[in-house]
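Every letter in the sequence shown is one number past the one before it in our numbering, and letter 19, counting from 1, is 114.
See below for the structure under consideration.
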Amino acid sequence: MNWDAIGAIAELLGAVGVIASLVYLAGQIRQSREQMEQNTRAMRASAYQEFTGQLHSTMMSASENPQREHAVMKGWADFSGLSEEDAFRFTLWMTGVVHAFENAHYQYRMGMLDEDRWQKHYADVRSIFQFPGVAQWWRAGPPNVSPEFVALVDEILAEEPDRADP
96 MNWDAIGAIA ELLGAVGVIA SLVYLAGQIR QSREQMEQNT RAMRASAYQE
146 FTGQLHSTMM SASENPQREH AVMKGWADFS GLSEEDAFRF TLWMTGVVHA
196 FENAHYQYRM GMLDEDRWQK HYADVRSIFQ FPGVAQWWRA GPPNVSPEFV
246 ALVDEILAEE PDRADP
């Protein structure tokens, strides 16, 4: 056997080694991608669970306190007609609701909430802001929320500008 044959065999073994390494690397990348997708699904489920828990807790807080429930019921119809105490109660409650929905909007924008779930929440946001008192409350000065969420609500209200005027 001459040196040319030994060199050719060495090159062949090197090429086989490179191919084996690439096959192994491709398997590792695929496994890593699958793990990332599983983690993303788990993170989305956790974020959704957190959102629904937060919203449920806020919604239930009105029915657990008769004064707050009264303020909320009156405030939906006419925020401007509430007493100072009831306006404060309504504001506390609505701030919790708005922050819960802003959280869902943020999760949607960050890709943690899928389109179908976001559309359901968006429909809920639209339905809440259909009440004249809620629109009045918002226009009196929205709570400290992201500019993106403010723009979303303002866009909803612009579709029917008479919502703030009962």
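Backbone N, C-alpha and C fix where the C-beta goes; we use that ideal spot for every residue, glycine too.
Asked                                                                                                      : Found
Inter-residue Cα distance where the pair is VAL220 and LEU177                                              : 22 Å
Identity of the residue in ILE101, ILE104, GLU132, TRP98 nearest MET207 by Cα                              : GLU132
Neighbourhood of ILE104 by C-beta, 6 Å cutoff - its chain only, sequence neighbours within 5 removed       : none
Of the residues MET205, VAL118, TYR217, ASN239, the one placed nearest THR135, counting alpha carbons only : MET205
ASN134 in three-state terms, based on DSSP                                                                 : helix
Straight-line Cα distance separating ALA199 from HIS216                                                    : 7 Å
Nearest-angstrom Cα separation, counted from ALA246 out to GLU165                                          : In the sequence as displayed, the identity of residue 165 is His instead of Glu. Each residue's Cα considered, the two are about 30 Å apart.
Boundaries (first-last residue) of the alpha helix (DSSP H) holding VAL240                                 : First-last for VAL240: undefined, no H or E at that position.
Cα-Cα separation, ILE114 to GLY122                                                                         : 12 Å
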